[in-house]
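Using the numbering used here, the first residue of the sequence shown is number 5, and each one after it goes up by one. Note that CB positions come from ideal geometry on N, CA and C, so glycine has one too. Here's the structure, in structure tokens; my notes come after.
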Amino acid sequence: EWQALWNKKPSWGERHAICGDLSPYASMIAYNYNTPMNASLVKSEVHRIFNEVKDECAELYQTYHEGKPIGQINYTVWSDVFVCKSCGKEFVYWDASLDKENKCLRDEFYCPHCHTKHTKNTATRAFETVYDVFLDKAVSVNKTVPVYIAYSAKGRRYEKDADEHDRELIEKINGLHCNYFVPTYELPEGYNTQQPKKAQNIHYVHQFYTRRNLIALSTFFAKIQSSALPNKLKFIFTGMVNRSTKMNRIHVNNFFYGGGGW
Numbered sequence: 005e006w007q008a009l010w011n012k013k014p015s016w017g018e019r020h021a022i023c024g025d026l027s028p029y030a031s032m033i034a035y036n037y038n039t040p041m042n043a044s045l046v047k048s049e050v051h052r053i054f055n056e057v058k059d060e061c062a063e064l065y066q067t068y069h070e071g072k073p074i075g076q077i078n079y080t081v082w083s084d085v086f087v088c089k090s091c092g093k094e095f096v097y098w099d100a101s102l103d104k105e106n107k108c109l110r111d112e113f114y115c116p117h118c119h120t121k122h123t124k125n126t127a128t129r130a131f132e133t134v135y136d137v138f139l140d141k142a143v144s145v146n147k148t149v150p151v152y153i154a155y156s157a158k159g160r161r162y163e164k165d166a167d168e169h170d171r172e173l174i175e176k177i178n179g180l181h182c183n184y185f186v187p188t189y190e191l192p193e194g195y196n197t198q199q200p201k202k203a204q205n206i207h208y209v210h211q212f213y214t215r216r217n218l219i220a221l222s223t224f225f226a227k228i229q230s231s232a233l234p235n236k237l238k239f240i241f242t243g244m245v246n247r248s249t250k251m252n253r254i255h256v257n258n259f260f261y262g263g264g265g266w
């Protein structure tokens, strides 16, 4: 068209992408996909920050292997706690419903105390009141417990049931202060925010995370903020945040076939 109009070939110059979207998150994605970057600098900053966070937070993810605290946790499986509608006693959903032989969670399971039959939809979740240091008030939360841990030790991967040391470590972590920024924004009203509010009793952003992951992610974010490439590294950071929340689910089939599925 240019040649037909001006009888000569165009002299192409540098092209610039102009991206716009009503969603701030979509705008950030578009910006990072269309902005050139120094790959070697990004790689260098990622490794530097990762090693700094690993040194600072290593004890938070420590577990015992062969009686020694030399294991590093890769992920922890948490389970809801239910209250039996017949005897009123609490029981752990994972323990009651897990079928290791058929590699699944049973649709129907029984209270280990009185053997009353339950389903996940009809069982009553247990709640507990805890002091939220970030909100400076007592809040009611779904009661959950660690049940299974995948970890690395001596260059190999292992799995085990959560033991007393793991539970004690979590209690210790829950009493730690976070030295960096923590997002305490209240969830807005909306269709998609009703699920965490109703199903998990989550009403603030920081409640999506265990205290352990919250401390580690806040440490990551603080170091990204002061890095040479904050925008690029925030883009990478958002890719792992969704897999670090309480909403992340385990796929039991993959889990038992060695996939460690999340």
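Review point. What do you get for Thr214, buried or exposed, if any count of 16 or more other CB atoms within 10 angstroms of its CB means buried?
Key: By the C-beta density criterion, Thr214 is buried, having at least 16 other C-beta atoms within 10 angstroms.
Practice item. May I have the straight-line CA-CA distance separating Lys201 from Trp6, to the nearest angstrom? Key: Rounded to whole angstroms, Lys201 to Trp6 spans 58 Å at the Cα level.
Point to revise | Rounded C-alpha distance that separates Ser31 from Gly243 | key: Approximately 15 Å, taken between the alpha carbons.
Check your understanding: Touching or not, the region 155-174 and the region 89-96, by the rule of three or more beta carbon pairs under 8 Å?
Key -> No contact exists between the region 155-174 and the region 89-96.
Exercise for review: Quick one: using the 10 Å Cβ neighbour count with 16 as the cut-off for buried, is His122 buried or exposed?
Suggested key: Per the 10 Å Cβ criterion, buried.
**Study point:** Residues that DSSP places opposite Ser156 in a beta bridge
**Key:** Looking at the DSSP output, Ser156 sits in a beta bridge with Gln76 and Arg161.
Exercise for review: Mind checking which residues open and close the alpha helix (DSSP H) that includes Asp59?
Suggested key: Where Asp59 is concerned, the enclosing alpha helix (DSSP H) stretches over Ala43 to Cys61.
Exercise for review: Give the DSSP-derived three-state secondary structure of Val114 in the structure shown.
Suggested key: In the sequence on display, residue 114 carries Tyr and not Val. Three-state DSSP puts Tyr114 in a strand.
Check your understanding: By the 10 Å Cβ neighbour count, where 16 or more other Cβ atoms means buried, how is Lys227 classified, buried or exposed?
Key -> That one is buried.
Point to revise | Boundaries (first-last residue) of the beta strand (DSSP E) holding Glu70 | key: Careful: Glu70 lies outside any beta strand (DSSP E) and carries neither H nor E.
Check your understanding: Which residue spans inside the region 168-254 form an unbroken alpha helix (DSSP H) run of at least 4?
Key -> Whole alpha helix (DSSP H) segments, 4+ residues: 168-178, 198-203, 215-229 and 234-245.
Exercise for review: With DSSP collapsed to three states, give me the class of Ala21.
Suggested key: Of the three classes helix, strand and coil, the one that applies to Ala21 here is coil, per DSSP.
Review point. For Asn146, which three-state DSSP category applies?
Key: Strand at Asn146.
Point to revise | Residue range of the unbroken alpha helix (DSSP H) whose run includes Asp99 | key: It spans Tyr97 to Ser101 - the alpha helix (DSSP H) in which Asp99 sits, taken as one unbroken run.
Check your understanding: Touching or not, the region 44-64 and the region 107-120, by the rule of three or more beta carbon pairs under 8 Å?
Key -> The region 44-64 vs the region 107-120: no contact.
Check your understanding: Near Leu237, what residues of its chain come up, given a Cβ to Cβ distance below 8 Å and the 5 sequence neighbours on each side ignored?
Key -> Excluding residues within five positions, the ones whose Cβ falls inside 8 Å are Val46, Glu49, Val50, Ile53, Ile228 and Ser231.
**Study point:** Contact under 7 Å by Cβ, Phe224 with Val57
**Key:** Here Phe224 is near Val57, since their CB atoms are less than 7 Å apart.
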